[in-house]
Amino acid sequence: MTKLKTLPAFLVLCALLGAAGLPAADDGDLAVDVARFDADGNLRVPGNLDEWIFIGSSLGMGYSQADFDPDSPGMFQVARMEPEAYAAFKATGRFVDGTMIALHFYGSQNEISINRSGFVMDNLHFAEIHYKDSRRFPDGFNFYNIENDAETAREIPLPNECVDCHKRDGAYDGVFVQFYPDIQRYLPAGVRERLASADESGHR
Ligand code: HEC
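Numbering (our numbering), first residue to last: 22 to 225.
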């Protein structure tokens, strides 16, 4: 409960710091302090994942040259942000330390119930969490795998290709905001301009 009470004060503080042109401080406690870890450094799977806030989804997104098959499009991927991190992002335009973003992978299916064309979601297969902490990781973030009903999400050992691709191709701070239209309005103006001009040239 204390968390809920301290959040508005935190947002006011961010707004004040922003107004004064100062960066929000990251050197003290974590700006958002929701993630919990076990003794081995693995993340405890948050109990409120179903309450995280939708930021974007994709279908059959492939990162390699494999062709997209319209008859079997692969999995739906749904990205959701932890609510306190989402509030901080809205207030500051930053993915502050402590931010968690989950990506859930669902199967796709067709010709079920009234569906005669196109695809609807099937069951959940697995999920991953992007976690930001500039003190814990050299690049400021790393990833955790949630398998089945496990209570802890395993840290993916560094270095790994996940961080490499996100650092290289994520449009803002290692996050693929170019694919999350709903949150782009909260990005700093310079980043929005960069996304808009990349849109015009067809590349992001
Ligand atoms: C070659 C590039 C690439 C690699 C490698 C990659 N990702 Fe991603 N990732 C993406 C793209 C593109 C998205 C945008 C959302 C989507 O795929 O639907 C994304 C989104 C995510 C998200 C949602 C939050 C965000 O940062 O945008 C998580 C969590 C995630 N990936 C985890 C992982 C994990 C874990 C690995 C390694 C096992 C990994 N990714 C490897 C390209 C990559």
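The beta-carbon is built from N, C-alpha and C at its ideal position, and this holds for glycine as well.
Secondary structure of E149 (DSSP, three-state): strand. DSSP places F158 outside both helix and strand once states are collapsed to three, so it counts as coil. Note on H146: under 16 other CB atoms within 10 angstroms of its CB, so exposed under the neighbour-count rule. Cβ contact annotation for G81 (same chain, cutoff 6 Å, sequence separation greater than five): F89, P94 and G95, in chain order. Residue pairing from DSSP leaves T120 without any beta-bridge partner. The beta carbon of F75 sits closer than 6 Å to those of R101, all from its chain and outside the five residues before and after it, given in chain order. DSSP, read as helix, strand or coil, puts R175 in strand. For Q130, the closest C-alpha among the options A123, P104 and F97 is that of F97. Taking all protein chains shown into account, D118 has 16 or more neighbouring C-beta atoms within 10 Å of its C-beta and is therefore buried. Inclusion of D160 and V184 in the CB contact set at 7 Å is warranted, their separation being smaller than that value. C-alpha of F116 to C-alpha of Q205: approximately 13 Å in a straight line. Between M121 and the set A210, D92, P209 and R65, the nearest pair of CA atoms involves R65.
Taking C-beta separations shorter than 8 Å and ignoring five residues to either side along the sequence, the partners of G139 in its chain run N131, following chain order. Relative to the Cα of Y107, the nearest Cα in the group F126, E72, G128 and S85 belongs to E72. Taken atom to atom, the span from the alpha-carbon of E103 to that of H125 is near 13 Å. As the crow flies, the alpha-carbon of A174 is around 11 Å from that of R57. Excluding the 5 residues flanking it on each side, P178 has no same chain C-beta neighbour closer than 6 Å.
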